[in-house]
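Worksheet: the structure to be examined is printed underneath.
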Amino acid sequence: MKPAAAILILLLISGSAAAPAVARDEPPLDGRGRAVRDDLLDRLAGKWDLTRKIRGKTARNSVDAEWVLDHQFLEVHMRDVATPPEYELKLFIGYDNASERYVAHWIDVFGGRFSETLGFGRRDGNSIRFVFEYPDGPFHNTFTWDEAASGWTCLLEQKNGAGQWAVFAEDTLRRPGK
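Under the working numbering, the residue at position 129 of the sequence shown is numbered 129, and the numbers go up by one with no gaps.
Written out as structure tokens, the structure is:
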């Protein structure tokens with residue numbers, strides 16, 4: 001073998017052996033140690049009074065939101081003010097860096113059948129619209145930060161029998177005592 005060819009082969013072998021080591025040193029996009037850092041979701045953390053307009057009625061609820069599971073999810077715990085609560089939910093909001101979208105696990109008193117669907121969301125300014133593709137049709141929940149009111153609005157919409165979007169509920173979140 002000629003010396004120049006041997007040197008070229010050695011360079012190729014050493015270069016290809018080094019390449020995987022460099023790739024392994026790069027941190028993964030998602031996973032343990034890759035906490036979700038989101039300035040908009042950070043504003044949702046804390047205690048809230050929620051007023052819900054649903055089916056022509058107004059309901060009062062309390063909301064506690066905190067970062068959990070190694071800062072991977074914002075856990076939103078909502079319950080109405082009845083004792084015991086007639087409605088209660090836990091919503092876990094995270095972010096999938098690889099897919100560049102939010103994820104939402106909605107778990108409530110209606111049980112496993114209605115908690116099978118994972119929601120996916122996209123941010124647009126001060127809003128995140130989550131889309132849930134339920135077996136009986138799509139459902140949207142849009143969280144919007146209202147800077148002037150220092151609070152949130154949530155618009156929950158579903159497709160009606162005619163295939164048109166209709167308001168299911170409207171939520172307003174304000175800090176207690178505000």
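Positions of the beta carbon are idealized from the N, C-alpha and C atoms, including for glycine.
In this text the structure is predicted, and so the values were computed from the model without any measurement.
Ranked by how close their Cα comes to the Cα of Lys178, the residues Arg43, Trp48 and Asp42 have Trp48 in first place. Put simply, of Ser127, Arg122, Arg101 and Glu86 the residue whose alpha carbon is nearest the alpha carbon of Asp108 is Glu86.
Between Ala162 and Asp136, the alpha-carbon positions lie close to 13 angstroms from each other.
In the assembly as shown, Ala149 is an exposed residue. Its beta-carbon has fewer than 16 other beta-carbons within 10 Å.
Taking every protein chain shown into account, the CB of Asn61 has 16 or more other CB atoms within 10 angstroms, so this residue is buried. The residues Arg101, Tyr102, Ile128 and Arg129, in chain order, have a CB closer than 8 angstroms to that of Arg122 in the same chain once the five nearest residues on each side in sequence are set aside. Burial is judged here by how many other beta carbons sit within 10 angstroms of a residue's own beta carbon; Asn141 has at least 16 and is buried.
When the Cα atoms are used, Ser115 and Val167 turn out to be separated by approximately 20 angstroms. Residue range Gly46 to Ile54 is occupied by the beta strand (DSSP E) that includes Leu50.
For Val81, the number of other beta carbons within 10 angstroms of its own is below 16, and it is reported as exposed. Between the beta-carbon of Leu50 and that of Val36 there is about 23 angstroms, and that puts the pair past the 8 angstroms contact cut. Judged by beta-carbon spacing, His71 lies beyond the 7 angstroms limit of Lys90, meaning their Cβ atoms are not closer than that value. Short of 8 angstroms from the beta carbon of Arg175, and not among the five residues preceding or following it, lie these beta carbons of its own chain, in chain order: Gly46, Lys47, Trp48, Asp49, Ser150 and Gly151. Asp30 is not a Cβ neighbour of Asn126, given a cutoff of 7 angstroms. For Arg52, the closest alpha carbon among the candidates Phe92, Gln158 and Cys154 is that of Cys154.
Relative to Arg34, the option among Gly56, His105 and Gly94 whose CA is nearest is Gly94.
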